[in-house]
Every structure is written in structure tokens, then in C-alpha cells.
Amino acid sequence: MPIYSAETTQFNTKSTALPRYIYSNMAPAPAYHESLPYIDQEPTAAELAAASALIAAEQSTFEAPAAPAAPEPSFSPAIAAELARVEAKQALPALPTSHYESQTPSPENPLPALQNTAVSSTYLTIRNANLAALNAAGKNAWLLSNYHTEGQLRDLEAELAATKREIDIINASRAAKQNEVKGEMQGLEENWKRGVGKVLETEIAVEELRAQIRDELKKRSAE
Numbered sequence: 001m002p003i004y005s006a007e008t009t010q011f012n013t014k015s016t017a018l019p020r021y022i023y024s025n026m027a028p029a030p031a032y033h034e035s036l037p038y039i040d041q042e043p044t045a046a047e048l049a050a051a052s053a054l055i056a057a058e059q060s061t062f063e064a065p066a067a068p069a070a071p072e073p074s075f076s077p078a079i080a081a082e083l084a085r086v087e088a089k090q091a092l093p094a095l096p097t098s099h100y101e102s103q104t105p106s107p108e109n110p111l112p113a114l115q116n117t118a119v120s121s122t123y124l125t126i127r128n129a130n131l132a133a134l135n136a137a138g139k140n141a142w143l144l145s146n147y148h149t150e151g152q153l154r155d156l157e158a159e160l161a162a163t164k165r166e167i168d169i170i171n172a173s174r175a176a177k178q179n180e181v182k183g184e185m186q187g188l189e190e191n192w193k194r195g196v197g198k199v200l201e202t203e204i205a206v207e208e209l210r211a212q213i214r215d216e217l218k219k220r221s222a223e
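Reading the sequence shown from the start, the letters are residues 1 to 223 in this note's numbering.
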């Protein structure tokens, strides 16, 4: 049923046609399925079996399309080499530490060894400074990060609890509304069943009457 606002319903009742802005606000109601789980009875095993048989029969009338073939994987040489190592169950090679060790310069060409030694010394100095900073402030930074993470977790848990509470309220409201009209729904269902029964009885009586009329006409035509 369309939903009307208080503003859109204010129009001249003497006019035979609704104003144009009324039509523009008459949006169709959303289609949805409203079940009655608090009134309807649970289906029996026989009813579930019958429904499953109907579904299976419907599924047998068509074939699902075959899944497309998976594309061939394409890996880089490094990934391919790593996959081959894993497949061969070989251990990871140890990290080389020779570039951290002091190198003896060659008398003929000492420059490369001195450059490598300077790079290693600089790296180890920076690494030592980073470890010292981590040792001094790392614990507090880790605790602060955990504090913020715990705060986010508390917010998410509170939001989850509020959502569950809203769901419980909605379910309780639906149960109350359905229980309020349970007697009326059952009465309407019984009236519908009796009405259908009376329609069938009427159709049977009509067919019997037609048969009697045909028999009477046959007797009169035979006389």
C-alpha cells in the first residue's frame, strides 16, 4: 500500500483527479515476504520430505552449466623456483652473513673491501641504534597500541551487543503482534477451509443435479 505524508494528502476533495504532486509521491511499497513463525506450525517430517521431493524433481528438469576451465597458472621465475623447492621438500638456505664480517683488503686493489666494510659498519651502527630505541620505547609503544586495539574491540563489542538487542526487540515485537492476531488468523483460516469445503460441496451438488437432469431428459426422449 502506498505511503502518504500529511502534506501530500491535503488536496481539494471536490476535484475528481488527484494533483500531480500526489502521484509523484505515490511510490510503490517494497515487496517482501512476511512469514508467521510465531503462528504457523512447524512442518512435519512427511511435509519436509514432500517439499524436498518437489525440489529434487524441479532440479532434475534442467542441467547446471559446466564450470569454466581454470586458467593455467603463470608464476615468475622466483616463485617457480620457490615452489620447486617446496615440492622437493628442501630446507630454506641459510642467510649469508659474510657481508657482515670484516674483509681483508687485497694489496693490489683494497678499495672494494674497504667500501664493503664501510657499508657493513654503517648498517650495523644503524641497526644497533634501532635496537636500542626499540628496547627503550618499544614496550610502551606496544602497550599503547594494545590499548587502542582494545578500545576498538570494546566499541565493536558494544555495537554488536546493541545490534543483538535491537534484533531481540524486533523479534519480540513481531512475536507480540503475531500472537495478538493469532486467534483471528486461525479463525480466518478455518472460515476459508469451510468456505472451500462448501464450494466443493456445491460443485458436487451441481454435478449431481446435472446428471439427474440428463437422466430425466433421456427418459423423456425415450418415451
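Ideal Cβ positions, reconstructed from N, Cα and C, are used throughout, including at glycine.
Contact check for Ala113 against Pro107 fails: the beta carbons are separated by 8 Å or more. In the structure shown, Asn109 adopts coil according to DSSP, grouped into three states. 8 Å or more divides the Cβ of Thr125 from the Cβ of Ser102.
DSSP places Pro96 in the coil class of the three-state scheme, outside both helix and strand.
With contacts defined as CB atoms closer than 8 Å, Ile55 and Lys182 fail to qualify as a contacting pair. Residue range 182-222 is occupied by the alpha helix (DSSP H) that includes Lys193. Less than 8 Å divides the Cβ of Leu36 from the Cβ of Gln178. For the pair Arg154 and Ala137, the Cα-to-Cα distance works out to about 26 Å. Inter-residue distance for Ser121 and Gln152 is about 42 Å (C-alpha atoms, whole angstroms).
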